[in-house]
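Colleague: Residue 1152 in my numbering sits at position 45 of the sequence shown, and the numbers go up by one each step.
We treat Cβ as the ideally placed atom computed from N, Cα and C, and that holds for glycine.
The structure displayed is predicted, hence computed values, not measured ones.
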Amino acid sequence: MLTQVEYPLNDNDYEEYILEEVKDQENGWECSFNRGTCFYIPKPSPIVPERAMVVRLYPGGLGFLIRGIFLNGRKVRYLTSEEQDEKNHQDSLLSKEEKRQEFEKGKGDYFERIGLLPEQFQRRIAKFQITNPDFDWDFGSYELFCCEQAVVIAETLKRVTILEAWKDKPFEEQRMECPELSDDHSGNTFGMAVRLAHWWLSDMKEMVVKEHGALTPLVGCKDYGCPHNE
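(1) Got a sec? Which residues, its chain only, sit under 7 Å from V1078 by beta carbon, not counting five neighbours each side?
(2) Give the DSSP-derived three-state secondary structure of D1245 in the structure shown.
(3) Going by CA-CA distance only, name the one from A1257, H1196, P1151 and E1209 that's closest to L1224.
(4) State the DSSP-derived secondary structure class of M1108, mapped to helix, strand or coil.
(5) Drop a sphere of 10 angstroms on the beta-carbon of M1108, count the other beta-carbons inside from all chains shown, and report buried for 16 or more, exposed for fewer.
(6) Could you check the C-alpha separation between R1231 and G1215 for me, to the nearest Å?
(7) So with Cβ pairs under 8 Å, would you call G1327 a contact of chain D?
(8) Check for me: the beta strand (DSSP E) holding S1139 runs from which residue to which?
(9) For N1141, tell me which candidate among I1154, D1120 and Y1124 has the shortest Cα-Cα distance.
(10) Counting only the same chain and skipping the five closest in sequence on each side, list residues whose C-beta sits under 6 Å from that of T1263.
(11) At which residues does the beta strand (DSSP E) containing K1130 begin and terminate?
(12) Can you determine whether any heavy atom of the ligand ATP sits closer than 7 Å to the C-beta of G1294, and answer yes or no?
(13) May I have a chain-ordered list of the beta strand (DSSP E) segments no shorter than 3 residues that lie completely inside the region 1209-1240?
(14) Starting from K1182, trace the alpha helix (DSSP H) in both directions and tell me its first and last residue.
(15) Under 8 Å, do R1158 and V1183 count as touching if we go by C-beta distance?
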């Protein structure tokens, strides 16, 4: 084993493992330890990983973003906690700018689609736009998708009792009864679309406007522009 001269000083937030398997792939290596826990080293790398090497990962514990990898004491890559935080911040800024530019390219279609929604759904989106000036490019497409699908579901099923029975059926049966149901749903978008459809079919249509934003369970009301308490 090589002398461990490359480890950073004063950073004790790490764990060490023995590589159990290394798969050489076109663009990097898939490395596994602990009977299947994996991480990836892209090519090129200053150190080629091999089975039985000692790998030190920063930070310690599983489920965290890896900011440092050492193999047999030699650095593959490493950032301090502060450097990783700054990188995350810069990556976030870049991602948001790219998202904003992508929105600008298609904003005509976006606003046209909003204009085709029923009045309560238009007012729903307007409340987010008023509260959050960045709403349209940051969250608007997600919210619009939920609203459009809510209208599709409601106009197809027409009654709350039918909707309540339909929402728990297997997807194949749901599609048979509602052919325009999108394949692109997550659990969150489907749940919101069903909830909005329920309000719109009920005698409480104003709840379409008042209901929390589609992504507030993930980002919170304040960041989303939802004018409610958390």
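Modeller: So, from the data block:
(1) Here the chain comprises residues numbered 1108 to 1337, so residue 1078 is not present and cannot be evaluated.
(2) Locating residue 1245 in the sequence shown gives position 138, where the first residue counts as 1. Here D1245 sits in helix by DSSP.
(3) Here residue 1224 corresponds to residue number 117 of the sequence shown, with the count starting at 1. The shortest Cα separation from L1224 among A1257, H1196, P1151 and E1209 belongs to A1257.
(4) Indexing the sequence shown from 1 puts residue 1108 at position 1. Caution applies to M1108, whose pLDDT of 45 falls short of 50 and renders its modelled position unreliable; the model cannot decide the point.
(5) Within the sequence shown, numbered from 1, the residue matching residue 1108 stands at position 1. Caution is warranted here: a pLDDT of 45 is assigned to M1108, below 50, making its placement in the model unreliable, and the coordinate value is therefore given only provisionally. It is exposed - the Cβ of M1108 has fewer than 16 other Cβ atoms within 10 Å.
(6) Position 124 of the sequence shown, counted from the start, is the residue given in the question as residue 1231. Position 108 of the sequence shown, counted from the start, is the residue given in the question as residue 1215. Their backbone Cα atoms lie some 19 Å apart in a straight line.
(7) The structure shown contains no chain D; it is built from a single protein chain.
(8) Counting from one through the sequence shown, the residue named residue 1139 turns up at place 32. Taken as a continuous stretch (DSSP letters only), the beta strand (DSSP E) holding S1139 covers G1135 to F1140.
(9) The residue given as residue 1141 occupies position 34 in the sequence shown. Answer by Cα proximity: Y1124.
(10) Here residue 1263 corresponds to residue number 156 of the sequence shown, with the count starting at 1. Cβ neighbours of T1263 beyond the five flanking positions: C1285.
(11) Taking the sequence shown and counting its residues from 1, one reaches residue 1130 at position 23. That run of the beta strand (DSSP E) goes E1128 to D1131.
(12) Summarising the ligand content, the structure contains no ligands, and the ligand ATP is consequently not present.
(13) none
(14) As a first step, residue 1182 is located in the sequence shown; it is residue number 75 there, counting from the start. Annotation for K1182: no alpha helix (DSSP H) segment contains it, though the beta strand (DSSP E) segment containing it runs R1181 to Y1185.
(15) Locating residue 1158 in the sequence shown gives position 51, where the first residue counts as 1. Locating residue 1183 in the sequence shown gives position 76, where the first residue counts as 1. No, the Cβ-Cβ distance between R1158 and V1183 is not below 8 Å.
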